[in-house]
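Trainee:
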Amino acid sequence: MQLNPYLFFDGNCEEAFRFYEKTLGGKIEAMMHTEEAPTDAQCAMGDSMKGKVMHAFMRLGDFSLMASDSPREHFEKPQGYAVSLNYDDPAEAERIFKVLSEGGTVPMPAGPTFFARFFGMCVDKYGTPWMVNCALQTCP
Numbered sequence: 376m377q378l379n380p381y382l383f384f385d386g387n388c389e390e391a392f393r394f395y396e397k398t399l400g401g402k403i404e405a406m407m408h409t410e411e412a413p414t415d416a417q418c419a420m421g422d423s424m425k426g427k428v429m430h431a432f433m434r435l436g437d438f439s440l441m442a443s444d445s446p447r448e449h450f451e452k453p454q455g456y457a458v459s460l461n462y463d464d465p466a467e468a469e470r471i472f473k474v475l476s477e478g479g480t481v482p483m484p485a486g487p488t489f490f491a492r493f494f495g496m497c498v499d500k501y502g503t504p505w506m507v508n509c510a511l512q513t514c515p
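Counting along the sequence shown from 1, when you hit position 140 you're at 515 in my numbering, and nothing is skipped either side.
If you want it as structure tokens, here you go:
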């Protein structure tokens, strides 16, 4: 079994995924736009999905991240979760946190804690909540 986060965006999925690809060192393996769907499926998605991403897939090492644009009338701001990134090197964790938090918000400033050499929480400029961690010990 694999557990893969699936993110929904308010019309900026492609921009966000290109940012994540560059920032996290991933590789976008698929990005399907609504115009690539059969005509009847395009009609079912409605006008708000024209020019939008209906599915994107990115490989990040052994893991993957998936996403799409949400129809405007169904989009809800992400809440109640965070995508957690875990690093062995505190300097790399700090670098990633700085890039992800730029233009976003920081509900928990980053730094050393009683449980981590580095930990911080941010919501990036695309609305995705992240936790960036470098544990005291390497965790599975």
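The C-beta atom is built at its ideal place from N, Cα and C for all residues, glycine as well.
Check for me: the alpha helix (DSSP H) holding Thr-398 runs from which residue to which?
Mentor: 388-399
Trainee: Output needed for Met-441: all residues of its chain with C-beta closer than 8 Å, excluding positions within five of it in sequence on either side, in chain order.
Mentor: Once the five neighbours on either side are set aside, the close Cβ partners of Met-441 are Asn-379, Pro-380, Tyr-381, Leu-382, His-430, Ala-431, Phe-432 and Met-433.
Trainee: Unbroken beta strand (DSSP E) runs of length 3 or more, entirely within the region 420-496: which are they?
Mentor: 428-435, 438-444, 458-461 and 480-486
Trainee: Give me, in chain order, the residues of the same chain whose beta-carbon lies closer than 7 Å to that of Cys-439; leave out the 5 immediate sequence neighbours on both sides.
Mentor: Just to set this straight, residue 439 is Ser in the shown sequence, not Cys. Cβ within range, chain order: Asn-379, Phe-432 and Met-433.
Trainee: For Asp-478 versus Cys-497, is the C-beta spacing smaller than 8 Å?
Mentor: Position check: residue 478 holds Gly in this sequence, whereas Asp was assumed. Taking 8 Å as the Cβ cut-off, Gly-478 and Cys-497 do not qualify as a contacting pair.
Trainee: Tell whether a beta-carbon distance below 8 Å holds between Val-474 and Thr-409.
Mentor: no
Trainee: Where Ala-466 and Ala-491 are concerned, what is the direct C-alpha to C-alpha distance, given to the nearest angstrom?
Mentor: The alpha-carbon of Ala-466 is positioned some 13 Å away from that of Ala-491.
Trainee: Which whole-angstrom value is the C-beta distance of Leu-460 and Val-507, which I expect to be below 8 Å?
Mentor: 5 Å
Trainee: Where does Tyr-456 land, buried or exposed, given buried means 16+ other C-beta within 10 angstroms?
Mentor: exposed
Trainee: If I'm right that Asp-444 touches Gly-386 with Cβ under 8 Å, what's the distance once you round it to whole angstroms?
Mentor: Contact check for Asp-444 and Gly-386: beta-carbon distance about 5 Å, within the 8 Å limit, so the pair qualifies.
Trainee: Taking only the alpha-carbon atoms, compute the straight-line gap between Ala-510 and Phe-472 and give it to the nearest angstrom.
Mentor: 15 Å
Trainee: Excluding the 5 residues preceding and the 5 following Phe-450 in the sequence, name in chain order all residues of the same chain whose CB lies nearer than 6 Å to its CB.
Mentor: Asp-385
Trainee: Do you know how far the Cα of Glu-396 is from the Cα of Glu-448?
Mentor: So the alpha carbons of these two residues sit roughly 28 Å apart.
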